[in-house]
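Structure, as structure tokens:
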Amino acid sequence: MAQGTAAVGRRESGSSHIRRYFDMAADRLGLHAEMRWLLSVPSRELTIEVPLRRDDARLQLFRGYRVQHSGVRGPLIGALRFQSGLELETLRAAAESMTWRCAVANIPFGGAAGGVACDPAQLNHGEFERLARRYGARLREMLGIYHDVCAPGVNAGSETMSWIADEYSALQKDSLVPVLGKPLRNGGLPEREKLFAAATAALIARAARDSGMSLNGLRVAVASLDRSAFHIASALDRLGCVIVAISEAGGGLRCSTGIHLHSLGAHLSRTGSLTGFEGAAETIDVHALDCDVLALGAPEGTLNCAVAAQLQAKLVVETSELVITPDADHHLAKQGILVVPDLVGSVAEVLAANAEWSSMVQRSSPKAEKIQQEIETGLLRAYEQVGERSRRNQISLRTAAYAIAIERVARCERLRVA
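In the numbering used here, the protein residues as written are 28 to 445.
Quick look at the structure:
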């Protein structure tokens with residue numbers, strides 16, 4: 028169950044980084060000190076001890092958390108993590124980042140985050156299920172379909188989300204289950220990873236074209252924290268790109284002349300992982316590869332200045348939250364490397380969450396084609412709005428994205444506290 032990641036760099040905390048990004052945009056906006064404070068602190072935090080009876084009869088306690096950042100624009104949505112060394116500061120940054128991503132996407136949600144500090148690799152399947160269920164049971168009073176909704180995250184895939192949904196249903200009968208990322212048979216989205224991978228590929232293609240690059244023969248490396256890298260790569264391959272590296276949960280693969288995605292897809296269908304495919308490795312370094320575009324999903328703070336100095340890509344699309352440190356972001360800008368920031372690059376994920384939440388509330392069956400179109404349209408709209416703000420104010424795409432998000436949330440906060 029342990030989840031592999033791309034080898035990118037030494038991780039740094041995302042909590043101080045989001046403060047710096049926020050402050051840069053807030054300075055531009057001339058945001059009042061009281062509003063800065065109001066937008067910077069979580070509205071509620073929960074720390075719990077989650078007991079687990081191991082198969083050898085030992086009782087072990089694991090620390091669990093849930094952080095709610097801002098629900099002023101609507102219900103909260105936040106991913107779960109089952110991760111060794113997980114700390115409250117990390118979740119505070121993740122919850123705040125989700126608030127800003129939802130605001131950039133202009134969907135009526137705020138940000139949350141939660142999880143359990145544990146190493147899933149040290150638990151067998153049954154133990155991990157019991158831990159996830161017990162954590163979900165302890166969260167139930169914080170959750171609600173119109174209040175706080177759990178989403179999949181690190182080591183929390185569709186099976187884990189189903190366990191938590193089942194536990195909530197047993198304890199809160201006759202309530203809509205505030206859990207996203209479930210399998211289709213349990214009310215989830217059809218081919219969830221493919222849906223937002225296709226939209227993310229469309230964003231990458233659009234940003235490349237806007238940078239004057241031709242898609243035909245464009246060399247792309249794709250890294251993700253889940254299984255979506257292959258789907259992003261496949262969509263880009265169909266547009267004429269050459270995929271020189273794929274790194275995702277469970278391993279990585281690179282080929283300077285281009286990965287044969289048809290063969291890789293057949294292998295993934297048979298085995299469910301990259302393991303055993305010719306040339307595959309447990310981890311690969313994606314940052315120093317000879318490529319034009321790097322689509323980067325990785326843990327927070329892994330693309331630091333040392334890593335940034337090795338990048339050969341001309342365009343970086345940050346597809347998960349807070350991957351690039353502020354100092355590295357500044358270095359990339361000085362080098363003329365365009366960065367599509369996480370508040371745009373990971374918006375497909377929150378748009379997919381919105382689609383799944385809406386189908387649950389409306390008790391309707393989600394249609395993959397319709398949802399994919401909605402996600403792609405929403406993602407490209409956010410990219411265009413951020414790009415227009417960047418050009419108009421002569422600021423980076425990241426600062427423009429934060430400025431738009433802060434304005435939208437602050438507007439609602441003023442109405443509430445007036």
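Think of the CB as a built atom: it goes at the ideal place given N, C-alpha and C, for glycine as much as any other residue. None of these values were measured; they are calculated from a predicted model.
| Query | Result |
| --- | --- |
| Return the residue from the list 96, 146 and 209 that minimises the CA-CA distance to residue 113. | 146 |
| Please report the distance separating the alpha-carbon of residue 233 from that of residue 82. | 51 Å |
| Can you grab the Cα-Cα spacing for the pair residue 415 / residue 130, in whole Å? | 16 Å |
| Taking 7 Å as the limit between beta carbons, can you name the residues of its chain near residue 446, skipping five residues before and five after? | The structure shown has nothing for residue 446, since the chain only spans 28 to 445. |
| Indicate whether residue 117 and residue 96 have their beta-carbon atoms separated by less than 8 Å. | no |
| Once the 5 residues before and after residue 319 are set aside, which same chain residues still bring their CB inside 8 Å of it? | 235, 240, 245, 246, 247, 340, 341 and 342 |
| Any chance the segment 202-213 sits against the segment 222-233, with 3 or more Cβ pairs inside 8 Å? | no |
| Kindly indicate which residue of 184, 432 and 163 has the alpha-carbon position closest to the one of residue 199. | 163 |
| In the DSSP assignment, what are the bridge partners of residue 92? | 74 and 142 |
| If we ignore side chains and look at the alpha-carbon of each, how far apart do residue 282 and residue 65 end up? | 48 Å |
| Using the rule of at least 16 other Cβ atoms within 10 Å of the residue's Cβ for burial, across every protein chain shown, is residue 138 buried or exposed? | buried |
| Report the residue from 154, 267 and 71 whose alpha carbon sits nearest the alpha carbon of residue 174. | 71 |
| Rounded to a whole number of angstroms, what is the C-alpha to C-alpha distance between residue 372 and residue 402? | 12 Å |
| Quick check: the Cα distance between residue 305 and residue 263, rounded to an integer number of angstroms? | 22 Å |
| Determine, using beta-carbon pairs with one atom in the segment 40-60 and one in the segment 91-110, whether at least three such pairs fall under 8 Å. | no |
| Pick out whichever of 121, 296, 67 and 144 has its Cα sitting closest to the Cα of residue 77. | 144 |
| Secondary structure at residue 434, three-state DSSP: helix, strand or coil? | helix |
| Do the CB positions of residue 276 and residue 252 come within less than 8 Å of each other? | yes |
| Any chance the segment 217-225 sits against the segment 378-397, with 3 or more Cβ pairs inside 8 Å? | yes |
| Give the straight-line distance between the Cα atoms of residue 360 and residue 73, rounded to the nearest whole angstrom. | 38 Å |
| Tell me whether the beta-carbon of residue 366 lies closer than 8 Å to the beta-carbon of residue 356. | yes |
| Does DSSP put residue 272 in a helix, in a strand, or in coil? | strand |
| Looking only at its chain, what residues have a beta carbon closer than 7 Å to the beta carbon of residue 432, apart from the 5 residues adjacent to it on each side? | 127, 130, 131 and 370 |
| In whole angstroms, give me the CA-to-CA distance for residue 292 and residue 323. | 20 Å |
| Can you list, in chain order, the residues of its chain with a C-beta nearer than 8 Å to that of residue 203? Leave out the 5 residues immediately preceding and following it. | 172, 387 and 388 |
| Give me, in chain order, the residues of the same chain whose beta-carbon lies closer than 8 Å to that of residue 442; leave out the 5 immediate sequence neighbours on both sides. | none |
| Is the Cβ-Cβ distance between residue 301 and residue 272 less than 8 Å? | no |
| Going along the chain, which residues of its own chain have a beta-carbon closer than 7 Å to the beta-carbon of residue 436, five neighbours each way excluded? | 66, 97, 99, 100, 126 and 130 |
| Beta-carbon separation of residue 352 and residue 59 under 8 Å? | no |
| Cutting at 6 Å between CB atoms, please list the residues of its own chain near residue 29, excluding the five before and the five after it. | Legend: pLDDT at residue 29 = 34, less than 50; position of this residue unreliable, no value from coordinates given. |
| Using DSSP with H/G/I as helix, E/B as strand and the rest coil, what is residue 223? | helix |
| Taking Cβ positions, are residue 249 and residue 260 nearer each other than 8 Å? | yes |
| Looking only at its own chain, which residues have a Cβ that is under 8 Å from the Cβ of residue 332, when we skip the five neighbours before and after it? | 352, 354, 355 and 358 |
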